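Heads up, our numbering is the position in the sequence shown plus 1395, with the first residue counted as 1. Virtual Cβ for every residue (Gly too), placed ideally from N, Cα, C. None of these values were measured; they are calculated from a predicted model. Each remark here refers to the structure printed beneath this line.
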Amino acid sequence: MTDAPPEIVASEYAAVRRRVRALVEDLPPDDLGRAVPACPKWTVRDVVAHLAGGAADAASGNLTGAGGEEWTAAQVEARRDRPVAEILDEWDQVAEGFEPRLPDMGMLGTIFLADAISHELDIRGALGSREMRDAPAVDVTAAWFAGMLSERAAKAGLRPLTVRVADRAHDAGDGLTDGVVVEAPSAFDLLRAATGRRSLDQIREWARGDDLSEHAEVVSVFPPRPDPLVE
């Protein structure tokens, strides 16, 4: 598994940050308070608070429990009573020092990019927007997750896995003649599955004549949804 190209990680993270600001800074309170189907415990405003809080925690070195529920919940709660404009300003200010460091963070930098683009798509889904599903960050992070699957399949003692996305293939594992093929409809769908935005039943539908009973859990790098999410 290789990390995403360093020169792309910082520029794409910055692009996500700018798009999220443009998307939410003028939203009325009712829209900021919309539930986010992909993150059912959060509203649109909560997702923005997590994005700003994650960058702030990384910049300050507060990475104990990074990515866990307590870590993210603390970010949201700390910004509960702050106007969204102030939260966006915080994110911009923290990013001045944080984003230039992303290329040197290796896998962690790629994870921050994957988290940011995933949450941008979460917000768009809550607001009824289908835009940016083909953003460069989607393709880069989906390919990175696909490259992770060989290790996951091997650790699970499963047959090698080939993941096909549109007209290109991300091969994971050796001995692919005896492997399993998963055909994701798009890089967007692969990213959503890898980050827990799809149920195991949805992933199993991508099988190419194979039984994905076990491999579906390999594709879902983060815990899968218990119920389908149709976007």
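Query: Quick check on the DSSP output: the beta strand (DSSP E) that includes T1438 runs from which residue to which?; Result: C1434 to T1438
Query: Any idea what DSSP makes of L1633, helix, strand or coil?; Result: Since the first and last residues shown for the chain are 1396 and 1626, residue 1633 lies out of range.
Query: From which residue to which residue does the beta strand (DSSP E) around R1559 run?; Result: L1556 to V1560
Query: Could you round the C-beta distance between A1548 and L1586 to whole angstroms and report it? I think they count as a contact, below 8 Å.; Result: A1548 to L1586, Cβ: 18 Å. No contact.
Query: Buried or exposed: which applies to R1475, given that a residue is buried once 16 or more other Cβ atoms fall within 10 Å of its Cβ?; Result: exposed
Query: How big is the Cα-Cα spacing for H1514 and T1438?; Result: 11 Å
Query: Under the rule that 16 or more other beta-carbon atoms within 10 Å means buried, what is E1494, buried or exposed?; Result: buried
Query: Pick from A1454, K1550, G1591 and A1541: whose alpha carbon is nearest that of V1577?; Result: A1541
Query: Strictly by DSSP, which residues pair up with A1602?; Result: V1577
Query: Can you tell me which residues form a DSSP beta bridge with V1431?; Result: C1434
Query: Can you give me the C-alpha to C-alpha distance between G1591 and A1611, rounded to a whole angstrom?; Result: 11 Å
Query: Answer with buried or exposed for L1632, where buried requires no fewer than 16 other C-beta atoms within 10 angstroms of its C-beta.; Result: Nothing about residue 1632 can be reported from this structure: the residues present for the chain run from 1396 to 1626 only.
Query: Report the partner residues of S1594 according to the DSSP bridge assignment.; Result: R1620
Query: Residues in its own chain within less than 7 Å of R1416 by CB, not counting five upstream and five downstream?; Result: L1483
Query: When the distance is taken between beta carbons, is V1431 closer than 8 Å to I1506?; Result: no
Query: From this set, V1625, L1595, L1624 and R1440, which residue's C-alpha is nearest V1616's C-alpha?; Result: L1595
Query: State the CB to CB distance for the pair A1561 and S1581, rounded to an integer number of angstroms; the pair is presumed to be in contact (CB under 8 Å).; Result: 6 Å
Query: Rounding to the nearest angstrom, what Cα-Cα distance links G1568 and A1410 in this structure?; Result: At G1568 the pLDDT is 49, less than 50, meaning the model places this residue with poor confidence and gives no usable figure here.
Query: With 16 as the cutoff for other CB atoms within 10 Å, does P1619 come out buried or exposed?; Result: buried
Query: I'd like the span of the alpha helix (DSSP H) that includes M1500, first residue to last.; Result: No alpha helix (DSSP H) holds M1500; DSSP gives it neither H nor E.
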